[in-house]
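Residue numbers for the sequence shown follow our numbering, so the first one is 205 and each next one is one higher.
Even glycine gets a Cβ: it sits at the ideal position worked out from N, Cα and C.
If you're wondering where the values come from, they're calculated on a predicted model, not measured in any experiment.
Here the structure comes first, spelled out in structure tokens, and everything after it is commentary.
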Amino acid sequence: MMVSWLEKRKVWSMLPVVALLTGTRTIIDTGSRMIYPLLPVFARGVRVEVSAIVSIMTLMQLLGLVAPFIGRIAEQRGRKFTILLGLLLYVTGMVSVFILPDFTGLATALLLGALGRTALGPALQAYIGDRVPYHRRGLYLGFVELAWSGAFLFGVPAMTWLIASYNWQAPFLALAILGAVSFVVIWLRVERDAPAVHHVAFLPALRAATSSPMALAGLCLGFSISAANQLVSVVFGTWIEASFGIQLAALAVAAAVIGMSELAGEGIVTFFADRFGKRRLVLVGVSSNILACLILPLTGVNVNLALVGLFFFYLTFELSVVASIPLATELSPDARALYLTVLMTAGTLGRALLTPVAPALFASGLLANCLVAAGLNLVAIFVVRRYITVK
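Laid out in structure tokens, this is it:
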């Protein structure tokens, strides 16, 4: 009884830390998510074509491939150290826009910002995973993941207002200041953690973190659901335009629908993953996403139906992804931070490899994209049911 009370007290004491880390993630994610809707504004600001910034965005995605090396830092130097390192990289990137108010400065900001996010995200998840018992991680990690939708629903409009009120550089200054404040508060208020390992070579450590069937199944899950989502995400805007004509209003509403679906998916995980079971919720999410893949092509007869179909598709995807995070924290617990960064890399590879495939499939219609996406989701269901025993 005393042990249970002490455990509850320890978990509840994490609430202020989790709130702080969620706020920090929202700042970091805002810097990432604002690029897509504000891309033309930034291109005009630095006097380049949109395609030039798109090339930098491709490099941002590829930075996810270095995540395991950063995860090794989190194992050797500690999670808090890596969180602070990520914030330092992020703030440095945001400030570079003012030192070099041109394309070079913007490219530096985007790349350092992406590298900072790559360092901070898995280290933050591992920090919470180390301190919160598995049966409560769905609540705490789900709460942190609300930052992703919060950045889109609240952060991006705030950055848009700053641009309208001042100039295209204003969001970077605001994010640099907020990031610096977060750095100081985390440095002062978040408890330092001990390194997990010492002086072990990278490749043996990587092999140990990913060699078990459960760990490999988790990587396959991350790859498959990310790849499936990318097959639809790359072409849904084109599909809406082709089905209903060029309707900018419809595209704007679609963006809002996606933001709300992400929030709903994260909310479901936050409040139900620990009671329902993380593994079971992943299976429900992926199975429902297969259903969404089969329904979505049928909604092209009406724009409102299409928006409902997109909401269901992204709700079930977000449910799958966010539920997989607390599950993943227990798939390789002896190298938690390193494993989570490898999982990030698996998702990056899934998106990168299927991005060029999506337009080729779409030449045959959205149904082709959705059928391949459903097939990838079936692979995810198989590996979870066959190899992952953690509930």
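Closest Cα partner of residue i within the set the options
| i | options | result |
| --- | --- | --- |
| L487 | M238, V588, A362 | V588 |
| R276 | A311, A223, A413, F358 | A413 |
| V254 | L310, S217, S300 | L310 |
| G282 | R251, A330, G551, V252 | A330 |
| F387 | G290, T559, I529 | G290 |
| L558 | T296, I381, A351, V436 | V436 |
| Y338 | N573, I529, A564 | I529 |
| I274 | L350, T549, D334 | T549 |
| A368 | S353, L420, G481, L242 | L242 |
| G359 | P375, T296, N371 | P375 |
| D478 | E279, G342, F302 | G342 |
| I224 | F480, L328, N506 | Looking at the sequence provided, one finds Leu at residue 224 rather than Ile. Here the closest residue by C-alpha is L328. |
| C497 | V561, Q434, M418 | Q434 |
| G551 | G569, V525, T533 | V525 |
| A460 | C424, V512, M418 | V512 |
| E279 | L485, F440, L410 | L410 |
| T545 | V505, T286, G441 | T286 |
| V439 | G569, G422, F406 | G569 |
| L423 | I381, V583, P361 | V583 |
| R248 | T262, L366, N371, L263 | N371 |
| S353 | A564, A446, G471 | G471 |
| T605 | A562, G469, I239 | Nothing in the structure corresponds to residue 605, since the chain is present only between 205 and 595. |
Residues near residue i by beta carbon distance below 7 Å, same chain, minus five either side
| i | result |
| --- | --- |
| L379 | I231, T234, G235, M298 |
| L319 | L267, L293 |
| L509 | T503 |
| S259 | none |
| R483 | L531, V588, I592, V594, K595 |
| D306 | V250 |
| L553 | F427 |
| V207 | Below a pLDDT of 50, predicted positions are generally treated as unreliable, and V207, at 44, falls in that range; no measurement from the model is reported. |
| T296 | L316 |
| P244 | V254 |
Interface flag, residue i vs chain D, CB-CB below 9 Å
| i | result |
| --- | --- |
| S491 | Chain labels in this structure do not include chain D; a single protein chain is all it has. |
Close-in-space but distant-in-sequence residues of the same chain around residue i (CB under 6 Å, 5 per side omitted)
| i | result |
| --- | --- |
| N581 | A432, V490, N493, I494 |
| F356 | R237, G463 |
| Y543 | A413, S536 |
| P220 | none |
| E395 | none |
| G383 | I231, L291, Y294, V295 |
Residue i, enclosing alpha helix (DSSP H) - first and last residue
| i | result |
| --- | --- |
| N433 | 417-437 |
| A330 | 307-335 |
| A278 | 271-281 |
| Y591 | 570-591 |
| Q373 | No alpha helix (DSSP H) contains Q373, which DSSP labels as neither H nor E. |
| E349 | 338-354 |
| D233 | 219-237 |
| A541 | 540-558 |
| R411 | 406-414 |
| V254 | 254-266 |
| V360 | 360-369 |
| R248 | 243-249 |
| V561 | 561-566 |
Spatial neighbours of residue i in its chain, beta-carbon cut-off 8 Å, leaving aside the 5 residues before and after
| i | result |
| --- | --- |
| V222 | I332, Y344, F347, V348 |
| L571 | P501 |
| M218 | I332, R335, V336, Y344 |
| I303 | G309 |
For residue j and residue i, believed in contact at Cβ under 8 Å, the rounded distance
| i | j | result |
| --- | --- | --- |
| V473 | A527 | 5 Å |
| A541 | P326 | 6 Å |
| T226 | L392 | Rounded, the Cβ-Cβ distance is 18 Å, inconsistent with contact. |
| V270 | T312 | Not confirmed; about 17 Å, so no contact. |
| L596 | I390 | Residue 596 is absent from the structure shown; the chain starts at 205 and stops at 595. |
| A458 | L514 | 6 Å |
| L314 | M264 | 6 Å |
| F476 | L467 | 15 Å between Cβ atoms; not a contact. |
Ranges of the alpha helix (DSSP H) found wholly within the stretch 442-484, counting only runs of at least 4
452-480
Unbroken alpha helix (DSSP H) runs of length 4 or more, entirely within the stretch 480-528: which are they?
482-499
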